[in-house]
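Engineer: Residue numbers (this note's numbering): 4 to 240.
For each residue, glycine too, the CB sits at the ideal point set by N, CA and C.
Remember, predicted model here, so these are calculated numbers, not experimental data.
Would you mind keeping the following structure in view while I ask a few things?
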């Protein structure tokens, strides 16, 4: 049984720390063509040692029933293929995740810019091979929120939400509800058109609660301490 030809990618395709998706696709294709994919993704476990008297030789590298010695040889070959096409250490992965973890939202900042920065950093980190899932990314989002008492209530509620897109939606609604309006928002305008309500009327309302002061509602509708609905936060709050 002869060894398959080694696979060496062009320099621009080798793993450089920011091209994980492209590198992974090429490597999987190369190992599949050489009967080595099962060694790369661990779907072909090492068989038990074969007694010498019963040993036989498989005829090709793609066999799903190799002898233990053959498995060792082919597994090492697959590892060597990976090593030949990687140019950097794991430092790039650590740095990429650190960049994502360092992004923080400060109250009053542009929320859209904040989430765009987080999504970009998430994509860059995964391109370097960190494999940050959506479930893990949602934790980064929650940890990026301000470390204050009024945000702690929202953060604890967000922990029960599984999808990052829904968490972003809830935070956006929360900030939009708290931010004093100087002009009607597009979403409010659309709702007013649908219901026939005049946005200008709601925009004139100001909460007199000393712990709030936001527009669009009166103190009797306020969820903050001292408001008529103190503590009765809706699910999205």
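1. Can you check which of these residues, 178, 42, 228, 28, is closest to residue 111 by C-alpha distance?
2. What residue does the alpha helix (DSSP H) around residue 124 start on, and which one ends it?
3. Hey, residue 131 and residue 99 are a contact pair by Cβ (cut 8 Å); roughly how many whole angstroms apart?
4. Let me confirm a value: residue 73 is counted as buried when at least 16 other C-beta atoms fall within 10 Å, else exposed. Which label applies?
5. Suppose you measure from the CA of residue 46 to the CA of residue 67; what does that come to, to the nearest Å?
6. Mark residue 18 as exposed unless 16 or more other C-beta atoms lie within 10 angstroms of its C-beta, in which case mark it buried.
7. When DSSP labels each residue in this structure, what does residue 180 get in the three-state scheme?
8. Whole beta strand (DSSP E) runs in the region 142 to 171 with 3 or more residues, listed along the chain?
9. Would DSSP call residue 26 helix, strand or coil?
10. Suppose the cutoff is 7 Å on Cβ atoms and the five residues either side in sequence are ignored; what does the same chain contact list for residue 200 look like?
11. On the CB-based measure, 16 or more other CB atoms within 10 Å of its CB, does residue 105 come out buried or exposed?
12. So residue 29 and residue 44 are supposed to be a Cβ contact under 8 Å. How far apart are they, rounded?
13. Closest to residue 101 by CA distance: which of 87, 180, 233, 143 is it?
14. Let me confirm a value: residue 48 is counted as buried when at least 16 other C-beta atoms fall within 10 Å, else exposed. Which label applies?
15. With distances taken from CA atoms, which of 23, 39, 228, 31 is nearest residue 152?
16. Can you tell me the Cα-Cα spacing of residue 90 and residue 12, whole angstroms?
17. Quick check: residue 159 and residue 121, are their CB atoms within less than 8 Å of each other?
Structural biologist: Concretely, from the data shown:
1. 178
2. 114 to 130
3. With 8 Å as the limit, residue 131 and residue 99 qualify as a contact, their Cβ atoms being about 4 Å apart.
4. The residue in question, residue 73, is buried, as its Cβ has 16 or more Cβ neighbours within 10 Å.
5. 10 Å
6. So residue 18 counts as buried.
7. Residue 180 carries a helical assignment under DSSP once its states are collapsed to helix, strand and coil.
8. none
9. Assignment of residue 26 by DSSP, reduced to helix, strand and coil, places it in the helix class.
10. A caution first: residue 200 carries a pLDDT of 40, below 50, which makes its placement in the model unreliable, though a value can still be read off. Excluding positions up to five away in sequence, the list is empty.
11. exposed
12. Not quite, the Cβ-Cβ distance comes to about 15 Å (not below 8 Å), so this is no contact.
13. 143
14. exposed
15. 228
16. Distance between the alpha carbons of residue 90 and residue 12 is about 11 Å.
17. In this structure, residue 121 does not lie closer than 8 Å to residue 159 by Cβ.
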